[in-house]
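Residue numbers (the working numbering), protein chains in the order written: chain A, 1042 to 1290; chain B, 1436 to 1753.
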């Protein structure tokens, strides 16, 4: 049932030009960044080779590319998630789901799954860029895999926040702005970058601090759990919110 | 007989903040029955329908659908009902086929049977010709039919329709009514409306709700009795004096209406029309028009709500 709702959500996304536009824009921007970076490496190749313990191409390309990708998607994801519940509420199509033999949990998880599937496409397209370097060399698959996993987890957190914001309102635009606000806030909590994750609460909550280690190739299960907790919290809140709709009227 | 009770609503109330939308409403519906839910705008019809379909939780009271409590066992209860809200819950970006397939899946129809369910719902609702068109491009009448198809695709025992004929043209209204009558043979149907003739045309039983209270629950014949009041509307070319009319036996009260006609209240159960015609001819009053006064829905409401003091809603519902 979750899969049914998720696949429907994904297909509906692609019925509107929004999803296509998002894919195209994100892909063009990131491809330009990627190209620029590769060109830079070519220009300074001789200096790099002269260095002792020179960084590999993966190390030079992937962290920068994936770091920028997360920031761009931070602005894009609220646009994708804004409609999941808010639009149904606005078009009064929510009763279809509510009067079907489907639980609130299944509705929220299904909607979330639809967004995740879309983001999977985004990440897959992004992953193709570093993979294209295989044509002329090799990659550090450990670092690449870690960065991919980190990006996937971070995007999953973003999406959960976006879905929750969408359950709060019947105006997709409000959901988008709200989602953007919360995500940016989460991102910049540790704006000074000084806080130590172990001692500073704000620094611990900042999503940035749970994404950077992945880009350095460090897989800390604590970071993975952080993202899992964010997802669970916001999806749980979404379910509560929809239930409250039924009770509060 | 008990397993044929499809919905059992007991003492539901619903408050929106301090506003009381539905107050202590109880009723049951059986298979093969079409129940009309009648009331003016804002009477609590839609709220009751939403509670019945699980879209809204009642503040107090309980709803059992096909033997399952809607709050305790929502899934089997919801599987047994189909709901068409006031505005059909259709996705404008989908074609009729895509939409109905999704509804079939949502209602947990086995994968192999979905196509069959979709085709049968489409043919019942006359949608076969528009199957591949986008719902957003269909007329209001067709969208309404898609909404009904969605409600019956899983052949639920209980079908809840909230103002199904609103915004349709007269031909479509007739078609939808025929469809509802057809549904009423195998399913139980609850239908809300504020149009009195609609109820008279298709329902077996009728309930009137007013300001959240159930003020009348009766069969359709009972409603007809309510509708017939003990008065005649008459007009004459040479109207007699009021005193002269009052002397005719059986006449209780005579009043002159603004449009030049007369309203003659008579003893209930006595047909005065024949006698009045005869007298009019004898005395050369020049009778132009005579007919029983039909109470309008509003008058019934007035009557029922003012009588509320002596008849409690609970008794009326029993």
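Heads up, the beta-carbon is just placed ideally off N, CA and C, and yes, glycines get one too.
The Cβ of residue 1492 of chain B sits closer than 8 Å to at least one Cβ of chain A. In the DSSP annotation of this structure, the continuous segment of the beta strand (DSSP E) that includes residue 1642 of chain B starts and ends at 1640 to 1645. Taking 3 residues as the shortest admissible run, the segment 1462 to 1545 of chain B contains the following complete beta strand (DSSP E) segments, listed from N- to C-terminal end: 1469 to 1473, 1495 to 1500, 1516 to 1519.
Put simply, the segment 1245 to 1263 of chain A touches the segment 1184 to 1193 of chain A. At least three CB pairs are less than 8 Å apart.
Annotated as proximal: residue 1488 of chain B and residue 1518 of chain B, with beta-carbon spacing under 8 Å. In this structure, residue 1119 of chain A sits near residue 1221 of chain A, with a CB-CB distance shorter than 8 Å. DSSP places residue 1651 of chain B outside any alpha helix (DSSP H); the residue lies instead in the beta strand (DSSP E), whose first and last residues are 1648 to 1654.
The beta carbon of residue 1170 of chain A is closer than 6 Å to those of 1075 in its chain, skipping five residues each way along the sequence. Between residue 1151 of chain A and residue 1051 of chain A, the CB-CB gap reaches or exceeds 8 Å. The beta-carbon of residue 1510 of chain B is placed less than 8 Å from the nearest beta-carbon of chain A. Contact with chain A is found for residue 1526 of chain B, since one of that chain's Cβ atoms lies less than 8 Å from the residue's Cβ. Annotation: residue 1656 of chain B to residue 1468 of chain B spans about 15 Å, alpha carbon to alpha carbon.
Straight across, the Cα-Cα distance linking residue 1568 of chain B with residue 1514 of chain B is about 28 Å. The C-alpha of residue 1626 of chain B is placed about 42 Å away from the C-alpha of residue 1712 of chain B. Among the residues of chain A, none has a CB under 8 Å from the CB of residue 1571 of chain B; the nearest is roughly 10 Å distant. The three-state secondary structure of residue 1702 of chain B, taken from DSSP, is coil. From the listed residues A:1181, A:1228, A:1201, the smallest Cα separation to residue 1122 of chain A is found for A:1201. Annotation for residue 1549 of chain B: 1536, 1539, 1540 place their beta carbon closer than 7 Å to its own, counting only its chain and skipping 5 residues before and after. In summary, the residues of the segment 1138 to 1153 of chain A whose CB is separated from some CB of chain B by less than 9 Å are 1138, 1139, 1140, 1141, 1142, 1143, 1144, in the order they occur in the chain. Residue 1718 of chain B is positioned such that its CB atom lies no closer than 8 Å to that of residue 1674 of chain B. What residue 1518 of chain B touches in chain A, judged by beta-carbon distance under 8 Å, is 1136, 1140, going in chain order. Per the Cβ contact rule, the segment 1583 to 1594 of chain B is in contact with the segment 1605 to 1624 of chain B (3 or more Cβ pairs under 8 Å). Of all residues in the segment 1054 to 1071 of chain A, only 1056, 1057 come within less than 9 Å of chain B when Cβ atoms are compared, listed by chain position.
In this structure, residue 1493 of chain B places its C-beta atom within 8 Å of the C-beta atom of residue 1486 of chain B.
Beta-bridge analysis with DSSP links residue 1443 of chain B to B:1463, B:1499.
The Cβ of residue 1124 of chain A sits no closer than 8 Å to any Cβ of chain B. Residue contact with chain B for residue 1288 of chain A: present (Cβ-Cβ distance below 8 Å to some residue of chain B). Distance check between residue 1629 of chain B and each of B:1623, B:1614, B:1602 places B:1602 closest, using alpha-carbon atoms only. DSSP places residue 1688 of chain B outside any alpha helix (DSSP H); the residue lies instead in the beta strand (DSSP E), whose first and last residues are 1686 to 1691. Across the structure, residue 1726 of chain B and residue 1126 of chain A are spaced so that their CA atoms are roughly 56 Å apart.
By the neighbour-count criterion, in which 16 or more other beta carbons inside 10 Å mark a residue as buried, residue 1091 of chain A falls on the exposed side.
With contact defined as three or more Cβ pairs closer than 8 Å, the segment 1139 to 1148 of chain A and the segment 1070 to 1084 of chain A are not in contact. The Cβ atoms of residue 1599 of chain B and residue 1587 of chain B lie no closer than 8 Å to each other. Counting of Cβ neighbours within 10 angstroms places residue 1682 of chain B among the exposed residues, the total staying below 16. Assignment of beta-bridge partners to residue 1694 of chain B by DSSP yields no partner.
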